[in-house]
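Only one structure is covered here, and it is reproduced in the block below.
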Amino acid sequence: MKELLVVSGKGGTGKTTIVGTLAVLAKDTPLIRNPVLADCDVDAADLHLILNPATKESKEFFGLKKAGLDRDKCDNCGECIPVCRFDAITSHNGIIRLDPISCEGCGVCYRVCPRQAITMEDFIAGHWFVSDTPYGPMVHARLGIAEENSGKLVMEVRREARRIAETLESNLIISDGPPGIGCPVISAMTGVDLVLIVTEPTVAGIHDMERLYNLAKGFDVEVAVCINKYDLDSETSADIEGFCHAHNIYVAGKIAFDERVVKALTRGEPIIMPRRRMSSGAQRTSSDPHSLPDTTARAIEELWTKIVVRLY
Amino acid sequence: MIISVASGKGGTGKTTVAVNLALTLAETESVCFLDCDVEEPNAHLFLKPELKGSSKVTVPVPVVDEKKCNRCGLCGEVCAFNAILPLGEDVLTFHELCHGCGGCTLFCPTNAIREEPQEIGVIEWGNSGEIFHVQGKLNIGSPLAPPIVKAVRAHNVDRPQCTVYIIDAPPGTSCPVVSSVMNADFCLLVTEPTPFGLHDLKLAVDMVRELKVPFGVVINRAGLGYEDLADYCKAENIPVLAEIPFDRRYAKCYAKGGRLIDEFPEIKKTFRELRQAILVSAGRV
Chain A
15 MKELLVVSGK
25 GGTGKTTIVG
35 TLAVLAKDTP
45 LIRNPVLADC
55 DVDAADLHLI
65 LNPATKESKE
75 FFGLKKAGLD
85 RDKCDNCGEC
95 IPVCRFDAIT
105 SHNGIIRLDP
115 ISCEGCGVCY
125 RVCPRQAITM
135 EDFIAGHWFV
145 SDTPYGPMVH
155 ARLGIAEENS
165 GKLVMEVRRE
175 ARRIAETLES
185 NLIISDGPPG
195 IGCPVISAMT
205 GVDLVLIVTE
215 PTVAGIHDME
225 RLYNLAKGFD
235 VEVAVCINKY
245 DLDSETSADI
255 EGFCHAHNIY
265 VAGKIAFDER
275 VVKALTRGEP
285 IIMPRRRMSS
295 GAQRTSSDPH
305 SLPDTTARAI
315 EELWTKIVVR
325 LY
Chain B
7 MIISVASGKG
17 GTGKTTVAVN
27 LALTLAETES
37 VCFLDCDVEE
47 PNAHLFLKPE
57 LKGSSKVTVP
67 VPVVDEKKCN
77 RCGLCGEVCA
87 FNAILPLGED
97 VLTFHELCHG
107 CGGCTLFCPT
117 NAIREEPQEI
127 GVIEWGNSGE
137 IFHVQGKLNI
147 GSPLAPPIVK
157 AVRAHNVDRP
167 QCTVYIIDAP
177 PGTSCPVVSS
187 VMNADFCLLV
197 TEPTPFGLHD
207 LKLAVDMVRE
217 LKVPFGVVIN
227 RAGLGYEDLA
237 DYCKAENIPV
247 LAEIPFDRRY
257 AKCYAKGGRL
267 IDEFPEIKKT
277 FRELRQAILV
287 SAGRV
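Heads up: the sequence lines are chains A and B, in that order.
Quick note on numbering: the first sequence equals residues 15 to 326 in our numbering.
Quick note on numbering: the second sequence equals residues 7 to 291 in our numbering.
Written as structure tokens, this is what we have:
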């Protein structure tokens, strides 16, 4: 079983759109057996908007416990204030106040309190879901607002995706990764078989791609690059290719800027429709509808073929 | 006055809005720009500051003195982050998991644990024309962004007295974003008229409401024909303070690291109106 992670560092390069399209193509690829999809962007998960999942299962995600205060026991002695390094405990007119948003759940105040007035309470920090999509089962999640531990939730999503993949004897998990290079990305990246970086020819795109590449290198993960909207600025595109060449990074695809892609998205559709219907009983339409039966569709199909060759 | 520029979804034009707004505000105010998108700081690509100083951001991590340690195992029990693990005769530490809460050091009965600063990133500062620029950069491989965001916000070396602080926040709604928006006087949420943009805007709205920061929306790439976004803002009574049309020329300008207000007079006008709207909303005018 292989795991493909699609990331971008910078947002808005087209990562989720490409993942959605690869999901459609994977379903149509005979070599790929029962692909499983995982949305590891737990902070602002969007993949479900193009894949229209029907949620089958919803589970609570418990983050770290958080400090709570028993007012009856608290005598406002204030011993908890200096030991909190996250400025989550303050005193207002001599009354202790806990800020659950700043609390990181370390529990130091709980241990210091001489009157056992602080409790560590379970905290639902988000939810994760298992859903059915026309392109295979999908695991996705929703982190609560202002929550920590996105990395831990990403681990949960990946664990569940792997479990489903094993049950189905699947040979591919496609993951939509979080932005940035911090804790959720690290959780999403460790141990995958291929990281596809979707970048764009902008000064910010190339800058973020380089940081992401260095992160992946540190984890010893194989990297391939896709330059999306490559014709937006041919010089910067050439710079990206130059960087990839110099670092021996495989450029798996180049996709032109296409306003119809944006338009398709505003309608909430994947930009390529399936060639053949997989569900039993559905007939194969003679027109084989591709919403983009041209260069953009071909460019993404080529990208997909190269990824498959790289993986297997 | 502190103005945070945030967005649920990445790539909606948050940095573009923050940079052009900062330049516009600098015409009438003394502006400090704080790039708190420390995982991928990009504003410097457009503001091109002359950096003149930098300092390391560290978190205190535990170091165990094997001679003093009596293998009681309490440190492992205390640590909520699994960053210290007593294992037989050894005590293993995982500094990348440590949040620097100091619990293990505080509770060790034999004082066998001391703290050492571990570098997780840097902050850098300098001038970009009239604007004082501060940015944070998370070290590659380090997972912990919020302490760097806090360091950027707290930075005061060389910093002149400013009337306006613009914070370029990271995307999303999780801890580093909260650190960037908390205690701001106003928050601009940048979005785009697509289902992704709307979905993530709703999350961002929930966040700023929870943080009780007054806010308004900027719609970037307006005119894509997705009406649900405007309908949502109307239904929720959220002020749309500016719209920047979808235009390939703007995308090209951004791609090269250009500033929209320098190249397009109509955008300059939009940002002057936005400046006015924010100052009014915040009760400054």
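Glycine residues also receive a C-beta, built at the ideal position from the N, C-alpha and C atoms.
Check                                                                                                                        : Outcome
Cβ-Cβ distance between K29(A) and L325(A) below 8 Å                                                                          : no
Within-8 Å CB hit, A160(A) to chain B                                                                                        : yes
Bridge-paired residues (DSSP) for Q167(B)                                                                                    : DSSP output for Q167(B) lists no bridge partner at all.
Stretch-stretch touch, CB-based, cutoff 8 Å, three pairs: the stretch 110–128 of chain A with the stretch 105–117 of chain B : yes
Nearest-angstrom Cα separation, counted from A12(B) out to F52(B)                                                            : 17 Å
Check whether I146(B) and G232(A) have beta carbons under 8 Å apart                                                          : yes
Identified DSSP bridge partners for D133(A)                                                                                  : The question names Asp, yet the displayed sequence has Thr at residue 133(A). According to DSSP, which records beta bridges pairwise, T133(A) is partnered with G82(A).
Exposure label - N242(A); buried when at least 16 CB within 10 Å                                                             : buried
Contact list for L157(A) against chain B, beta-carbon separation under 7 Å                                                   : S180
Within chain B, the residues that T30(A) reaches when beta carbons sit closer than 8 Å                                       : F202
CB-CB length for A28(B) against I154(B), believed under 8 Å                                                                  : The Cβ separation is near 20 Å, so there is no contact.
The stretch 245–252 of chain B / the stretch 179–196 of chain A touching (three or more Cβ pairs under 8 Å)                  : no
Three-state class that DSSP yields for Y326(A) in the structure shown                                                        : coil
Residue-level contact to chain B via CB, E118(A), 8 Å cutoff                                                                 : yes
Terminal residues of the alpha helix (DSSP H) in which E12(A) lies                                                           : With chain A covering only 15 through 326, there is no way to say anything about residue 12(A).
For S186(B) and V23(B), the rounded distance between their alpha carbons                                                     : 16 Å
Coil, strand or helix - Q297(A) by DSSP                                                                                      : Legend: pLDDT at Q297(A) = 38, less than 50; position of this residue unreliable, value from coordinates given subsequently. Three-state DSSP puts Q297(A) in coil, outside helix and strand.
Length of the line joining the Cα atoms of K54(B) and K166(A)                                                                : 36 Å
Three-way DSSP call (helix, strand, coil) for M292(A) in this model                                                          : Unreliable placement is indicated for M292(A), whose pLDDT of 39 sits below 50; the coordinate value is still reported in the next sentence. Coil, per DSSP.
Cross-chain neighbours of I115(A) in chain B, by beta carbon under 8 Å                                                       : V184, M188, E216, L217
N262(A) in three-state terms, based on DSSP                                                                                  : coil
Cβ-based neighbour list, R290(B), same chain, cut-off 7 Å, excluding 5 preceding and 5 following                             : M7
Best match in A288(B), L207(B), Y256(B) for proximity to D60(A) [C-alpha to C-alpha]                                         : L207(B)
Contact with chain B by S164(A), beta-carbon distance below 8 Å                                                              : yes
K73(A): first and last residue of the uninterrupted beta strand (DSSP E) it sits in                                          : 68–76
Residues of the stretch 100–121 of chain B whose Cβ lies closer than 9 Å to any Cβ of chain A, in chain order                : E102, H105, G106, C107, G108, G109, L112, F113
Proximity test, Cβ basis, 8 Å: T280(A) and chain B                                                                           : yes
Reference V56(A); option with closest CA among I119(B), E269(B), T179(B), V183(B)                                            : T179(B)
Proximal chain A residues relative to K258(B), where beta-carbon distance stays under 8 Å                                    : L246, D247
Alpha carbon of V217(A) to alpha carbon of C259(B), nearest angstrom                                                         : 10 Å
Backbone CA spacing between V235(A) and L144(B) [nearest angstrom]                                                           : 20 Å
Exposed unless 16 or more other CB atoms sit within 10 angstroms - verdict on V211(B)                                        : buried
Residues near C240(A) by beta carbon distance below 8 Å, same chain, minus five either side                                  : I32, L210, I211, V212, T213, V265, A266, G267, K268, I269, L317
Partners in chain A for D212(B), counting only beta-carbon separations shorter than 8 Å                                      : I159
Alpha-carbon spacing of D237(B) relative to V224(B), whole angstroms                                                         : 14 Å
Presumed contact (8 Å Cβ cut-off) between S189(A) and L39(A), rounded CB distance                                            : Wrong, their Cβ atoms sit about 16 Å apart, outside the cutoff.
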